[in-house]
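Position one of the sequence shown corresponds to residue 66 (my numbering), numbered consecutively onward.
Think of the CB as a built atom: it goes at the ideal place given N, C-alpha and C, for glycine as much as any other residue.
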Amino acid sequence: MKRTFFALALIAAAAMAFGQGTIKIGATWPLADITGKQGSMAAQQAVDEINKAGGVLGRQLELIVIDDELKADKGAAAIEKLVTVDNVDVIIGGMASGVALGQVPAMKKYGKVVVSTGAASYKVEEALGKDADWYFHLHPWDYNQGASYVQGWDEIQKKYPNIKIKKIFLAYEEGAFGKASWDATKTLFGAGNRYVIDGASFKSAALGGGDYGSMLEAAKMFKPDLFLWAGYDADALPMLEQAKAMKFSPGIYLGAPPGWPVGFGTSRLSENVMLYGMWAPSINNVSPISKKFYDGFVAKYKAEPATYFAPLSYSAVYIVADAIKRAGSTDTAALIKALEATKYESPLGQTITFTPGNIIKHQGVKNQKILQWQMGRQEVIWPFESATAKPVYPFPKWK
66 MKRTFFALAL IAAAAMAFGQ GTIKIGATWP LADITGKQGS MAAQQAVDEI NKAGGVLGRQ
126 LELIVIDDEL KADKGAAAIE KLVTVDNVDV IIGGMASGVA LGQVPAMKKY GKVVVSTGAA
186 SYKVEEALGK DADWYFHLHP WDYNQGASYV QGWDEIQKKY PNIKIKKIFL AYEEGAFGKA
246 SWDATKTLFG AGNRYVIDGA SFKSAALGGG DYGSMLEAAK MFKPDLFLWA GYDADALPML
306 EQAKAMKFSP GIYLGAPPGW PVGFGTSRLS ENVMLYGMWA PSINNVSPIS KKFYDGFVAK
366 YKAEPATYFA PLSYSAVYIV ADAIKRAGST DTAALIKALE ATKYESPLGQ TITFTPGNII
426 KHQGVKNQKI LQWQMGRQEV IWPFESATAK PVYPFPKWK
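In structure tokens, the structure reads:
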């Protein structure tokens with residue numbers, strides 16, 4: 066009888082241990098977009114690396130990804146499923162602000178810890194409110210980005226006096242991301258009448274658009290020193306093709322999509338296009354952690370990471386895993402406390418910590434970089450301490 070009882074006790078203990086199972090990380094990204102595709106790939110890379118090293122608290126990590134299709138209703142349904150059906154322990158990911166706005170009500174309802182890799186619009190922060198202690202935002206808000214751009218262009222013009230900017234034209238996609246970018250640009254660059262600002266909206270090719278004619282005509286008539294577009298990777302090449310056809314060549318041609326198409330740098334149209342971003346492969350030259358991420362991604366997928374959402378999503382998994390380890394569990398209160406103490410040396414070339422934003426308590430990265438496509442590579446132009454090349458100016462006239 067004692068032997069039978071002991072055997073049953075062992076079976077019960079084993080069942081309890083097995084019942085803990087994996088630590089489930091749920092994620093949503095737009096998988097047809099380069100940001101979501103490579104973001105999910107990089108997150109899986111991080112999960113595999115951590116599991117190979119023994120996991121966390123003796124348990125393996127499991128990544129469950131749902132495609133939000135760049136649609137708010139799909140994104141909201143994904144949060145519902147991840148929490149109620151998949152029973153995830155924590156949620157990461159995200160890209161589009163419009164999708165995030167649709168997800169906020171479900172996130173608030175369940176209060177699961179969220180480590181967000183996307184959503185730049187201040188409208189998302191307003192929707193979250195000041196009591197969303199469970200929300201940790203890695204991506205800069207639009208006002209963070211705008212402030213860093215103003216600083217960057219001020220410093221670039223001071224260092225390179227031949228670069229002169231007075232008139233700025235912003236072409237923005239008609240969704241939440243684009244409209245928030247327009248609001249931030251007017252506020253930050255228009256202050257004090259230092260710059261003359263104009264702009265026009267367009268329907269992104271990622272959402273069924275692709276005709277930029279009227280927007281480009283308005284930009285050409287404005288004659289900007291700096292032309293900036295805020296849209297998605299699907300807009301990058303067709304917009305350049307239409308700009309070339311119209312012989313529109315501003316002093317600076319700059320794009321600010323969350324990610325660029327794979328192989329964009331191989332196009333002759335890409336040369337000397339500038340961009341805003343958080344990472345580029347050239348950062349491997351100044352950051353061993355960036356090189357480790359990059360080499361691991363290429364070895365696993367036989368492709369180069371083409372968007373900063375790849376190292377950002379990779380970072381999200383490592384930040385979550387480290388916090389769970391320090392918390393000793395996936396308990397929400399303990400995990401929040403551990404995440405608040407995060408000091409993660411990231412492949413972005415900077416250490417990620419969480420400090421207050423304008424509204425939320427846990428804002429991660431607060432700046433972007435200014436880069437330029439040169440000879441098929443993204444080179445860092447600013448900040449100067451991370452620079453890998455000097456700017457090529459002006460953007461060449463179309464032939």
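In this structure, DSSP gives A92 an extended state, which the three-state scheme calls strand.
By the Cβ rule, the stretch 291–306 counts as touching the stretch 327–344, because three or more pairs are nearer than 8 Å. Looking at the backbone, the Cα of G119 and that of L272 are separated by about 42 Å.
The beta carbon of N350 sits closer than 7 Å to the beta carbons of T453 from its chain, once the five residues preceding and following it are set aside; these are given in chain order. Per the DSSP secondary-structure output, M339 pairs in a beta bridge with L319 and Q437.
Between A92 and the set D207, S451, E114 and V164, the nearest pair of CA atoms involves V164.
When secondary structure is reduced to three states using DSSP, E405 falls in the helix class. By the Cβ rule, the stretch 90–105 counts as touching the stretch 362–374, because three or more pairs are nearer than 8 Å. A distance of 7 Å or more separates the beta carbons of F234 and F313. Annotation for R391: the continuous alpha helix (DSSP H) segment containing it runs F374 to A392. The beta carbon of A141 sits closer than 8 Å to those of G167, Q168, P170 and A171, all from its chain and outside the five residues before and after it, given in chain order. Contact between G86 and T397 is ruled out by a C-beta separation of about 18 Å, above the 8 Å threshold.
The residues T93, A143, K146 and L147, in chain order, have a CB closer than 7 Å to that of I131 in the same chain once the five nearest residues on each side in sequence are set aside. Residue range Y200 to H202 is occupied by the beta strand (DSSP E) that includes F201, with no alpha helix (DSSP H) assigned at that position. With respect to the 7 Å criterion, Y341 and Q216 are not classified as neighbours on the basis of their beta carbons. Measuring C-alpha to C-alpha distances from Y260 to each of S266, P289, E114 and W438 identifies P289 as the nearest.
Two segments are said to touch when three or more pairs of C-beta atoms, one from each, lie closer than 8 Å; by this definition the stretch 197–208 touches the stretch 425–442.
The alpha-carbon separation between N258 and K251 amounts to approximately 10 Å.
Boundaries of the beta strand (DSSP E) around Y237: K232 to E238. Distance from the Cα of Q110 is smallest, within the candidate group D360, D138 and Q307, for D360.
By the Cβ neighbour-count rule, A392 is buried, with 16 or more other Cβ atoms within 10 Å of its own. Judged by DSSP secondary structure, Q443 falls within the beta strand (DSSP E) whose first and last residues are R442 to W447.
For a cut-off of 8 Å, the C-beta gap from V338 to V155 is around 37 Å, too long to register as a contact. With respect to the 7 Å criterion, S181 and A241 are not classified as neighbours on the basis of their beta carbons. In the DSSP annotation of this structure, the continuous segment of the alpha helix (DSSP H) that includes S162 starts and ends at S162 to Y175.
D98 has its alpha-carbon roughly 14 Å from the corresponding atom of S378. Where G104 is concerned, the enclosing alpha helix (DSSP H) starts and stops at I99 to K117.
Taking C-beta atoms under 8 Å as the contact rule, M160 and G101 qualify, at a distance of about 6 Å. Leaving aside the five residues that flank A192 on each side, the residues in its chain whose CB is nearer than 7 Å to its CB run, in chain order, L166 and V169. Taking G278 as reference, the option from A236, K117 and G255 with the minimal CA-CA separation is A236. Taking C-beta atoms as the reference points, I424 and K195 count as a pair closer than 7 Å.
Burial is judged here by how many other beta carbons sit within 10 angstroms of a residue's own beta carbon; N209 has at least 16 and is buried.
Under DSSP, L293 takes part in a beta bridge, and its partners are L235 and L319. For E127, the enclosing beta strand (DSSP E) begins and ends at L126 to D132. Straight-line measurement puts the Cα of K402 at about 46 Å from the Cα of K232.
Per DSSP, V351 lies in no alpha helix (DSSP H) segment and is marked neither H nor E.
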